[in-house]
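> Numbering follows numbering that gives the first Met the number 0, in which position 97 of the sequence shown is assigned residue number 96; successive positions increment by one, without gaps. I have a structure I would like to understand better, so I am pasting it below and will then ask my questions one at a time.
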Amino acid sequence: MHTPTVFDSNILDTFKELQLSDEKLHHLKNVLRIKDMDDIKISNGKGKIYFGNLEGNVVSLKSNQEFERKNNIDVFISFIQDKDRLRFIVEKLTELSVSSISFGPTDHSQKIKVDLDKFNMWSISAVEQSGNAFKPDIFISNNLDFEKFNHGLDITGKHIKENNSMKNIAIGPEGGWSNSEKDKFKYLSNIGDFTLRTETASILGVSLLM
């Protein structure tokens with residue numbers, strides 16, 4: 000039987016039990032059909048999973064396990080307007096355990112209204128669905144930091160396998176990087192012979208760096 004996961008970034012090793020919110024409790028009992036004494040996992044999003052059992056409205060904690068992130072990958076993604084596509088990107092990159100996801104404008108990107116709280120809600124949902132020990136930090140940037148994200152994905156670059164030591168990647172808009180932006184990257188890498196949608200490029204690019 001699948002053991003459900005609850006996200007709580009404030010849990011500590013000293014806790015003997017964890018009080019659940021009404022919303023989390025409702026989801027566990029009414030959606031997932033979890034009963035008293037069933038197993039529950041708690042992820043702190045920072046590499047630690049706590050194991051316990053549901054007792055009323057609390058999780059009685061029994062043990063914990065610490066995990067090490069295998070790859071520290073930071074991703075910058077150019078703004079896109081479609082909220083469903085943005086959610087898909089956040090969820091899949093969370094499942095892939097990237098260290099951080101930054102969203103921001105580029106020369107050819109679309110203008111959008113951003114809601115950081117919503118982005119974090121999508122990421123937390125992915126942690127709970129996948130049972131992941133890690134939640135990425137999510138940032139909204141005013142511009143692209145070319146010193147941090149010095150590795151851009153572009154169809155004109157060398158294959159990413161030749162630059163796979165550079166873990167901070169930037170994924171541009173589907174209209175492509177401007178020439179001035181391309182000149183600012185230290186490395187340009189391609190991940191295929193054809194232009195990919197932003198969400199496809201983000202998943203494939205990260206997967207090839209892992």
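A virtual CB, placed ideally from N, CA and C, is assigned to each residue, including glycine. Because the structure is a prediction, the values reported are computed rather than measured.
From the DSSP output, in three-state form, read off L203 for me.
Correct three-state label for L203: helix.
> Mind checking which residues open and close the beta strand (DSSP E) that includes F75?
Counting along the chain, the beta strand (DSSP E) containing F75 begins and ends at 73 to 77.
> Taking S108 as the reference, which of S77, D38, N56 has the closest Cα?
When only C-alpha atoms are compared, the closest one is S77.
> Under the assumption that H150 contacts N162 (Cβ atoms under 8 angstroms), give the Cβ distance between them as a whole number of angstroms.
Rounded, the Cβ-Cβ distance is 6 angstroms, consistent with contact.
> What do you reckon, are the CB atoms on I190 and I159 nearer than 8 angstroms?
Yes. Within cutoff.
> Can you tell me whether L27 sits near the ligand SAH, meaning its C-beta is under 7 angstroms from at least one heavy atom of the ligand?
Judged by which ligands are present, the structure shown has none, so any question about the ligand SAH falls away.
> Please classify Q109: does DSSP put it in a helix, a strand, or coil?
Reduced to three states, the DSSP call for Q109 is coil.
> Smallest Cα separation from D116: which of V89, K110, L95, T105?
Closest option to D116, Cα to Cα, is V89.
> Please determine if the region 93 to 108 and the region 61 to 73 are in contact, where contact requires at least 3 C-beta pairs separated by less than 8 angstroms.
Contact between the region 93 to 108 and the region 61 to 73 is present, because at least three Cβ pairs lie under 8 angstroms.
> For H25, report the span of its alpha helix (DSSP H) as first-last.
Element bounds for H25: 21 to 25.
> Do you know how far the Cα of I48 is from the Cα of Q64?
Cα to Cα, Q64 sits roughly 5 angstroms from I48.
> Quick one: give me the first and last residue of the beta strand (DSSP E) that L60 is part of.
That run of the beta strand (DSSP E) goes 57 to 65.
> Okay, do the region 2 to 10 and the region 34 to 53 touch, 3+ Cβ pairs below 8 angstroms being the bar?
In short, these stretches touch, since the Cβ pair count reaches three.
> For F138, which residues from the same chain have a beta carbon less than 6 angstroms from its beta carbon, with the 5 sequence-adjacent residues on both sides left out?
Here the set comprises S101.
> Check the DSSP bridge columns for S42 and list the partner residues they point to.
Beta-bridge pairing links S42 to F6, I48.
> Smallest Cα separation from L187: which of A169, T194, K23?
Cα-wise, what sits closest to L187 is A169.
> How is N149 classed by DSSP in three states: helix, strand or coil?
Coil.
> Using alpha carbons as the reference points, say which of I202, D182, I79, G51 lies closest to I111.
Comparing Cα-Cα distances from I111 to each of I202, D182, I79, G51, the minimum goes to I79.
> What did DSSP end up calling A125 once you bin it into helix, strand or coil?
Reduced to three states, the DSSP call for A125 is helix.
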